[in-house]
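A.B. asks: Here you go, one structure.
Residue numbers (this note's numbering), protein chains in the order written: chain A, 1441 to 1817; chain B, 13 to 299.
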């Protein structure tokens, strides 16, 4: 789960990391009001859960409160990478001397958290990593020991931070580490962490991502998930415990197991089709879940055919078949359905579906080819 | 021969009285797995499966009483890290965690602790292991595989079943099938299992089933080209997956342009691995 900049910075502030004065606004009038309160120059920043806001014109500086209102109006009517801007953050503008990149994230290969820092901050860190990897400093943290003070000092020294700021940087590093731990973050990123003209450190931007698997112990964080930024079908699928991702094609896919679901999409593509979605109904899915999955798939108007591929292990073929029949009754889909059932109780499942006017298939390749042909009409 | 599990495996089931634990214990026992004990805190002294399997309050008590040398974990995600720590502290050398959805920060702590104790973990978020006709530890349906000379290692569950089933259709069998799981931080990687297959006399060929995300397949490719004498056939799932999206498995995500199927296929092919276009092609590539 991604957090907005303003949400991330609110968390940073709780952990003693200095952030600019500012507040979030949903209308241009509110933005003007906040700018008046702050006085002087402000930055109007679109709050959308994608990168490249600056390049898209979603971050602008206003010299007066009137200009803030005007710019907020513009930004609030923008779409950035297809996402409409619904909120702006109005922050007091900082006098920047230097920009640093600083983050804590999970290094899956090392099986440890890693601190990443660079003196070349403020820009896309992946670009820095690709073009000048020597400018990126990485220090791993032992998850059983936690962040040690010397590690923060090492980072500060290696990015040539002035010595008089090492102490403050140490506090920011331990604050970020604690925030990362307490929220089960997979990323806690400050980019840029600036040194201001009056020699203070401040987190001008913030980005946090939270481990979805850990949300059971962070109900307050789960509540601030911005579902406006999600594809509605994905939100709906999550309610039923289905793993669903909307894609651009026209062949709906319903599969059990993530690896097999990806593979089914891959084969559709291999035989010249385009998958409309990724959908894993999960292990042991009963009829209710299958019916919900079916509703979600066929509610997408671009779907021209549906491929159902179930390998019964824990999931039973007859259960799935019953779910399909319930869903067919309820949704009355007009598109052709291709079904492949293998494994536990597959025979019983196939019998149940015999009268349901479905196209059946024996192998995965056969099923994909039939679905591709059916989508073409 | 086989790897990791065989007839001598004395299995403990953590979470044996839960729905899933009990269901799969029944299947493991009927497959012939030697399930010696179960653990559910607070239910010590009870018996399950018509008095066949004793339940203990802790792993330590169960291991001391029964000499269990392997444990399989079916407890919910919020309790799974503790179950793994407990098994390691009780001296169980091989832990298999089926549970899906364990937070990744917990897994980093678990993995680093288990490494210090030299305990092997398979999973989490995995289907477990199967040595056909000898032992089944986990949830792989027993009837889809026959004994043979093909070692199978995979990050996926049902996709692995597809491959075992496709092999069986043409009369090919498995030495051992190991599901290492779909999480970003797990206990055992491809190269650990490849090394075991390389040294296992029964295994003559290996099937490696990977997917998008991470660098485990790239490391496997390096290992195969440097150390493996046995032929390896592979399939990588997720060639049609968009970047930045988590495809069901917590670990199946292309991040910052890294971890795509195309890159993994390229690395494996450069190491002499035959990569199938789809899983049903695997048996013919093994010939």
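By construction, the Cβ of each residue, glycine as well, lies at the ideal position given by its N, Cα and C atoms.
#1: Can you tell me which of the three DSSP states residue 251 (chain B) falls into?
#2: Listing by chain order, which chain B residues have their CB less than 9 Å from the CB of residue 1690 (chain A)?
#3: Measure how close the beta-carbons of residue 249 (chain B) and residue 1699 (chain A) come, nearest whole angstrom, since I'm counting them as under 8 Å.
#4: From A:1616, A:1635 and A:1565, pick the residue whose C-alpha is nearest to that of residue 1626 (chain A); which is it?
#5: Among the residues of its own chain, which have a CB less than 6 Å from the CB of residue 1773 (chain A), if the five just before and after it don't count?
#6: Could you confirm whether any beta carbon from chain A is found closer than 9 Å to the beta carbon of residue 86 (chain B)?
#7: I want to see whether chain A comes within less than 9 Å of residue 297 (chain B), judged by CB atoms only; does it?
#8: Ends of the alpha helix (DSSP H) at residue 1558 (chain A)?
#9: From residue 219 (chain B) to residue 206 (chain B), what distance separates their C-alpha atoms?
#10: Relative to the C-alpha of residue 1452 (chain A), which residue among A:1812, A:1787, A:1579 and A:1646 is closest?
#11: What is the rounded straight-line gap between the Cα of residue 228 (chain B) and the Cα of residue 202 (chain B)?
#12: Count the other C-beta atoms from every protein chain shown that fall within 10 angstroms of the C-beta of residue 1657 (chain A), then say buried if there are 16 or more, exposed otherwise.
#13: Note down, in chain order, all residues in the region 1484-1508 of chain A with a beta-carbon under 8 Å from any beta-carbon belonging to chain B.
#14: Less than 9 Å between the beta carbons of residue 288 (chain B) and residue 234 (chain B), yes or no?
#15: List the DSSP bridge partners of residue 1750 (chain A).
#16: With a threshold of 9 Å between beta carbons, is residue 132 (chain B) in contact with chain A?
#17: If the cut is a Cβ gap below 9 Å, which residues of chain B does residue 1566 (chain A) touch?
#18: Pull up the DSSP beta-bridge partners for residue 26 (chain B), would you.
#19: Using a Cβ cut-off of 8 Å, pull out every chain B residue sitting near residue 1653 (chain A), in sequence order please.
#20: Quick check on residue 1602 (chain A): buried or exposed, where buried means 16 or more other Cβ atoms within 10 Å of its Cβ?
#21: Between residue 143 (chain B) and chain A, is any beta-carbon pair separated by less than 9 Å?
#22: Looking at chain A, which residues of the region 33-56 of chain B have a Cβ within less than 9 Å of any of its Cβ atoms?
#23: As an exercise, report each continuous alpha helix (DSSP H) stretch of at least 4 residues that is fully enclosed by the region 1661-1692 of chain A, in chain order.
#24: Can you find at least 3 beta carbon pairs, one from the region 236-252 of chain B and one from the region 208-226 of chain B, that sit closer than 8 Å?
#25: Quick check: is the beta carbon of residue 1516 (chain A) nearer than 9 Å to any beta carbon in chain E?
#26: Anything in chain A within Cβ reach of residue 8 (chain B), meaning under 9 Å, just list it in chain order.
#27: Based on the DSSP secondary-structure assignment, which residues constitute the bridge partners of residue 223 (chain B)?
#28: Please list the residues of the region 1573-1586 of chain A that have a C-beta atom closer than 8 Å to any C-beta atom in chain B, keeping them in chain order.
#29: According to DSSP, is residue 1717 (chain A) helix, strand or coil?
C.D. replies: This is what the structure holds:
#1: As a first step, residue 251 (chain B) is located in the second chain; it is residue number 239 there, counting from the start. Three-state DSSP puts residue 251 (chain B) in coil, outside helix and strand.
#2: Looking up residue 1690 (chain A) in the first chain gives position 250. Those do not exist, as residue 1690 (chain A) stays about 13 Å from chain B at its closest Cβ, beyond 9 Å.
#3: Locating residue 249 (chain B) in the second chain gives position 237, where the first residue counts as 1. Locating residue 1699 (chain A) in the first chain gives position 259, where the first residue counts as 1. That belief holds up - the Cβ atoms of residue 249 (chain B) and residue 1699 (chain A) are roughly 5 Å apart, short of 8 Å.
#4: The count along the first chain starts at 1 and reaches residue 1626 (chain A) at position 186. Answer by Cα proximity: A:1616.
#5: Taking the first residue of the first chain as 1, we reach residue 1773 (chain A) at position 333. Within the same chain, residue 1773 (chain A) has close Cβ partners 1738.
#6: The residue given as residue 86 (chain B) occupies position 74 in the second chain. By this cut-off, residue 86 (chain B) is not an interface position.
#7: Mapped onto the second chain, residue 297 (chain B) falls at position 285. With 9 Å as the cut-off, residue 297 (chain B) does not count as an interface residue toward chain A.
#8: The sequence position of residue 1558 (chain A) within the first chain is 118, counting from 1. Looking at the DSSP string, residue 1558 (chain A) is not in any alpha helix (DSSP H); the run it does join, the beta strand (DSSP E), is 1552-1558.
#9: Indexing the second chain from 1 puts residue 219 (chain B) at position 207. Indexing the second chain from 1 puts residue 206 (chain B) at position 194. Distance between the alpha carbons of residue 219 (chain B) and residue 206 (chain B) is about 10 Å.
#10: Numbered from its first residue, the first chain carries residue 1452 (chain A) at position 12. Residue 1452 (chain A) has its Cα closest to that of A:1646, out of A:1812, A:1787, A:1579 and A:1646.
#11: To locate residue 228 (chain B), count along the second chain from 1; it is residue 216. To locate residue 202 (chain B), count along the second chain from 1; it is residue 190. Roughly 7 Å between the two C-alpha positions.
#12: Counted from its first residue, the first chain places residue 1657 (chain A) at position 217. By the neighbour-count rule (16 or more Cβ atoms within 10 Å), residue 1657 (chain A) is not buried but exposed.
#13: When CB distances to chain B are screened at a threshold of 8 Å, not a single residue of the region 1484-1508 of chain A falls below it.
#14: Against the second chain, residue 288 (chain B) aligns to sequence position 276. Against the second chain, residue 234 (chain B) aligns to sequence position 222. Their beta carbons are not under 9 Å apart, which means residue 288 (chain B) does not touch residue 234 (chain B) by this criterion.
#15: Within the first chain, residue 1750 (chain A) is the residue found at index 310, counting from 1. Partner(s): A:1781.
#16: Locating residue 132 (chain B) in the second chain gives position 120, counting from the first residue. In terms of beta-carbon proximity, residue 132 (chain B) stays away from the interface with chain A, with every pair separated by 9 Å or more.
#17: To locate residue 1566 (chain A), count along the first chain from 1; it is residue 126. The answer, in chain order, is 268 and 269.
#18: Reading the second chain from its first residue, position 14 is the one you call residue 26 (chain B). Looking at the DSSP output, residue 26 (chain B) bridges to B:51 and B:85.
#19: Here the question's residue 1653 (chain A) lines up with position 213 in the first chain. What residue 1653 (chain A) touches in chain B: 89, 113, 114, 115, 116 and 262.
#20: Stepping through the first chain from its first residue, residue 1602 (chain A) is reached at position 162. Using a 10 angstroms sphere on the CB of residue 1602 (chain A), the tally of other CB atoms stays under 16, which defines it as exposed.
#21: For the purposes of this step, residue 143 (chain B) is taken as the residue at position 131 of the second chain. Output row for residue 143 (chain B): interface = no.
#22: So the close ones are 35 and 36.
#23: Fully enclosed alpha helix (DSSP H) runs of 4 or longer: 1672-1679.
#24: Judged by Cβ distances under 8 Å, the region 236-252 of chain B makes contact with the region 208-226 of chain B, as three or more pairs qualify.
#25: Protein chains in the displayed structure are A and B, and chain E is not among them.
#26: No answer is possible for residue 8 (chain B): it lies beyond the span of chain B, which begins at 13 and ends at 299.
#27: As a position in the second chain, residue 223 (chain B) is number 211, starting the count at 1. Answer is B:249.
#28: Listed in chain order, the positions of the region 1573-1586 of chain A with a beta carbon within less than 8 Å of a beta carbon of chain B are 1582, 1583 and 1584.
#29: As a first step, residue 1717 (chain A) must be located in the first chain, where it is residue number 277. Strand, per DSSP.
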